[in-house]
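Listed in order, the protein sequences are those of chains A, B, C and D.
Under this note's numbering, the first residue of the first sequence is numbered -3, with each subsequent residue one higher.
Under this note's numbering, the first residue of the second sequence is numbered -3, with each subsequent residue one higher.
Under this note's numbering, the first residue of the third sequence is numbered 50, with each subsequent residue one higher.
Under this note's numbering, the first residue of the fourth sequence is numbered 50, with each subsequent residue one higher.
Here a beta-carbon is modelled for each residue, glycine too, at the ideal position from N, C-alpha and C.
Below is one structure, written out as structure tokens; comments come after it.
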Amino acid sequence: MKTITLSDAVAMIPAGATLMIGGFMGVGTPEPVVDELVQQQKGDLTVIANDTAAPGIGIGKLITAKLLRRVIVSHIGLNPETQQQMLAGELQVDLVPQGTLAERIRAGGFGLGGILTATGVGTIAAEGKQTVAVGGRDYLLEPALRADFALVHAFIADYLGNLQYALTARNFNPVMAMAAETVVVQAENIVPVGVIAPDHVMTPAPVVDYLVAKG
Amino acid sequence: MKTITLSDAVAMIPAGATLMIGGFMGVGTPEPVVDELVQQQKGDLTVIANDTAAPGIGIGKLITAKLLRRVIVSHIGLNPETQQQMLAGELQVDLVPQGTLAERIRAGGFGLGGILTATGVGTIAAEGKQTVAVGGRDYLLEPALRADFALVHAFIADYLGNLQYALTARNFNPVMAMAAETVVVQAENIVPVGVIAPDHVMTPAPVVDYLVAKG
Amino acid sequence: MNAQTLIAQRIAQELRDGMLVNLGIGIPTLVANFVPKGMHVFFQSENGLIGTGPVADPGMALPWLTDAGGKPVTALPGASTFDSAMSFGLIRGGHLDLTVLGGLQVDQHGRLANWMVPGKMVPGMGGAMDLVAGAKRVIVAMQHTAKGRPKIVRECSLPLTSDRPVDLVVTELAVIGFSEGRATLLETMDGVTVEEVVAATEADLALAPELSQKGGAKPVPESAPTAAVGETV
Amino acid sequence: MNAQTLIAQRIAQELRDGMLVNLGIGIPTLVANFVPKGMHVFFQSENGLIGTGPVADPGMALPWLTDAGGKPVTALPGASTFDSAMSFGLIRGGHLDLTVLGGLQVDQHGRLANWMVPGKMVPGMGGAMDLVAGAKRVIVAMQHTAKGRPKIVRECSLPLTSDRPVDLVVTELAVIGFSEGRATLLETMDGVTVEEVVAATEADLALAPELSQKGGAKPVPESAPTAAVGETV
């Protein structure tokens, strides 16, 4: 794990990159990193996330700034700009059931090729998907997802990079921290090694590549 | 969640049942529950667990008492009695790679039909398994595992059934607590509600059916 | 009592002690207000919380503690938090005893459509497909009709949320079950006749032998301004 | 220096700062004793621990803190614990930089057999198949021969652990790589000739252009009582 300035962290990300961004309606999204993506005008991005939040919040800022080419999300209902850009053909929106999205990301980070889920069977979410029967029940084969970068928000990080999340700000962050080539963490609190007890570490240090230093 | 005596908890388990039992070489195995299974001579059992420990320790006691018909495990190397019973045709031993075993149990508890893993491809562990290609790489389709009962060891349980595990005694316990029809927990410490902070709960109360009362 | 309250109160009668329950946005959320006294129910928010409490008092909101709509909530003693993979493991894995969801249409076999109106409203399915596919019991809370047109139909014109039938639909007029693979009228609300329910329903309705009349008050008329609430999840 | 120490010391030269490393039982465990000064390496125990420390002092053992063999260990500052699903997620998911494992046989393409001898030793594969399939880099630590017979063979007579070739085999005689899809002699240990290595190896050995002599001492003879250690994982 290396510490890095916010500016340098975002400068690493090339236009056209695929990003996983933690958060659920903006809660648990690394807001300073999102702001810096807008500041540096990183465009043509693909974002994998639970949702596109709302205008002015989290990933909503990337939508408003028209930095996204494609989003893979479970929900866009609270951001009318996402719908407008989708209908205008400016933004590709891939809708994935939320539990399937979480498992596809986890599979990418846990070295699985994919998972079998009954969610979506018999719906338009099954279109183009392989169906596999196990024990007499039909499941969709949902392939793993990975990204170039994971932008993760933590409540506490220690100097080694061990992470702890707070309450509902955990959401997609731990699975995304496993599923990208480069993992960038913005933490509310940075603490000495040992402050987080081993049993309370939610993301172990070795998977974290960069911890954004306080400004 | 209901509290139950050790004796009544084991009395619920019929001969011939399939049990998941937490622990890794005996560490994190609910030892009093195992002792009571021997005491009540519950036989013809199928056990799903990481290993068969060693004679006199954890699941090793069930082996010695010849209560098992079949084990689904990743390792039997430290229990020569398991090998003897296997070679004598008294015990069916299904060997599963440890990571695959953990994921199959998790899949059973998380409502997945199975998972795709590259582990075992090109080995005898692939025999009889369906191979699925995703992104140009071959994976084995490994189906979910479930059990009638999960026998779980926790370090701390609160009055509602929220669980926290300690250090390496966690191992298979949290995934097994999700994957059985009936979940029985033996905890080292039973504490009032609120003693375990929400972020430190490792198994949420609603999945626990029975908490074994202190004797 | 308005239609929403009537529906929420009736659904609350389906709660049992110790249940793990997930409530959708809209009418379903109101069910939490009618938990019978002395009963302990675990409410899950699929963003990663069991033990969701009421909205925080002014000045007490914490940005890291929200419901699935992103609104600040509180946590009750004994609450637990977890990541999204675990949250949906609970939903799909047979651990969620009950989910209550809004509905746009339900077909005569009980199959629900509640996540999109092609060309008009494409919010995404969020957790709805997992909830319907995975929960042990699914109850739909919705007004019986929309702009005078039945919402319990022969065949859904809107995309399905799941091919797994829901267990119960509760409206301001009636309680309809699908345990026999077809729509069965189980109860009419207080002051509502069987004929009124049948007239407001497109699907063929079987009549349960033990058909009873429940609920506390006449429903509000369909044109009440509450009609648009709770239709989506 | 005995053969085990020689092998472990040479493998320790492959460690890099910040690496996540999993060591098998036997010779591999010894590698932890030779981490270069000032370098920080994370050691994983696959039973659910990163930051595994040395064996506990007398009277300080905790029953809930053990290595993958079930023996009490300590945890270093910054350690973390997790369940078995997470532990193998780290192993399969590309997070484990290096695993060092014992070996029974390695074929000329680098494919390892180290988990069973049919009819004699069937301990189960434990984590070995996941480790070989999943780690970014796999190094086999083993004696060059067993009872005078080569262990680096044309084709394994024992069941394979994985079809993924290992990266490096380190013995008391030599360091052999498989990056070109075939066994290539990279180094001979101090005092060992290329001819000696070739004679003790059944697989065809290509010779690396930069072939060098490494290691600190003559190896102990094969008959040393250490020969049975570290052959399994």
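Consider the Cβ of residue i: report whether some Cβ of chain D lies at a distance smaller than 8 Å.
i        : result
A/THR164 : no
B/THR178 : no
B/MET21  : yes
A/LEU2   : no
Using a cut-off of 8 Å between C-beta atoms, extract the partners of residue i located in chain A.
i        : result
C/GLU95  : GLN94
B/THR113 : GLY107, LEU108 and GLY109
Could you check whether the Cβ of residue i sits closer than 8 Å to any Cβ belonging to chain A?
i        : result
C/VAL278 : Confidence is the limiting factor: at C/VAL278 the pLDDT is only 30, short of 50, which leaves the residue's position unreliable and the question unanswerable from this model.
C/ALA249 : no
B/LEU97  : no
D/ARG141 : yes
D/GLY138 : yes
C/LEU153 : no
Would you verify that the beta carbon of residue i is, or is not, closer than 8 Å to some beta carbon of chain B?
i        : result
D/SER206 : no
A/GLY24  : no
D/LEU125 : no
C/GLY176 : no
A/TYR206 : no
C/GLY183 : yes
A/LEU137 : yes
C/ILE99  : yes
Can you name the residues of chain B whose CB is closer than 8 Å to the CB of residue i?
i        : result
D/GLY73  : Those within 8 Å of D/GLY73 in chain B number zero; the least Cβ separation is about 12 Å.
D/ASP212 : VAL117, GLY118 and THR119
Just to check my reading of the structure: residue i and residue j have Cβ atoms closer than 8 Å, yes? What is that Cβ distance to the nearest angstrom?
i        : j        : result
A/LEU87  : A/VAL69  : Actually they are not in contact, since the Cβ atoms of A/LEU87 and A/VAL69 sit about 11 Å apart, beyond 8 Å.
D/THR210 : D/TRP164 : 5 Å
C/ALA118 : C/ILE74  : Here residue 118 of chain C turns out to be Gly, not Ala, going by the sequence shown. Their Cβ separation, rounded to whole angstroms, is 6 Å, which keeps C/GLY118 and C/ILE74 in contact under 8 Å.
D/ASP146 : D/LEU69  : 5 Å
A/LEU141 : A/GLY104 : 5 Å
C/THR260 : C/GLU229 : Residue 260 of chain C is actually Leu in this sequence, not Thr. That pair is no contact at about 14 Å.
Could you check if residue i is buried or exposed, using at least 16 other CB atoms within 10 Å of its CB as the buried criterion?
i        : result
B/ALA173 : buried
B/GLN35  : exposed
C/VAL282 : Reliability fails at C/VAL282, whose pLDDT of 34 lies under 50, so the model's placement of it is uncertain and no value is given.
C/LYS200 : buried
C/THR242 : exposed
D/SER133 : buried
D/GLU204 : exposed
B/LYS38  : buried
A/ASP40  : exposed
B/ASN167 : buried
D/ILE60  : buried
A/LYS62  : exposed
C/GLY240 : exposed
So with CB distances below 9 Å, who are the chain A contacts of residue i?
i       : result
D/PHE91 : LEU156, PRO200, ALA201 and PRO202
In the DSSP assignment, what residue or residues form a beta bridge with residue i?
i         : result
D/MET170  : D/VAL166
C/ASN96   : Bridge partners of C/ASN96: none, in fact.
B/HIS149  : B/GLN182
A/THR(-1) : A/LEU207
C/LEU71   : Residue identity differs from the one stated: residue 71 of chain C is Asn in this sequence, not Leu. The partner list for C/ASN71 (beta bridge, DSSP) reads C/GLN93 and C/THR148.
C/ARG198  : C/ALA195
A/TYR135  : A/VAL128
B/ILE111  : A/ILE111 and B/GLU138
B/VAL187  : B/ASP154
B/MET82   : In DSSP, B/MET82 forms no bridge with anything.
Quick check: is the beta carbon of residue i nearer than 8 Å to any beta carbon in chain C?
i        : result
A/GLN79  : yes
A/MET174 : no
B/VAL197 : yes
Which residues in chain B sit within 7 Å of residue i, going by Cβ to Cβ distance?
i        : result
C/ALA128 : PRO194
D/GLY240 : In chain order: nothing, as chain B lies at least about 36 Å away.
Listing by chain order, which chain D residues have their CB less than 7 Å from the CB of residue i?
i        : result
B/ARG102 : ALA134
A/VAL148 : Those within 7 Å of A/VAL148 in chain D number zero; the least Cβ separation is about 14 Å.
Give me the chain D residues within the contact set of residue i, using Cβ-Cβ distance strictly less than 8 Å, ordered along the chain.
i         : result
A/MET(-3) : GLY67
B/PHE151  : TRP113
B/PHE168  : ASP132 and SER133
Chain C partners of residue i, CB-CB under 7 Å?
i       : result
A/LEU91 : GLY173 and MET174
Whose Cβ in chain C lies nearer than 8 Å to the Cβ of residue i?
i        : result
B/VAL189 : PRO126 and GLY127
A/ALA121 : MET174 and MET178
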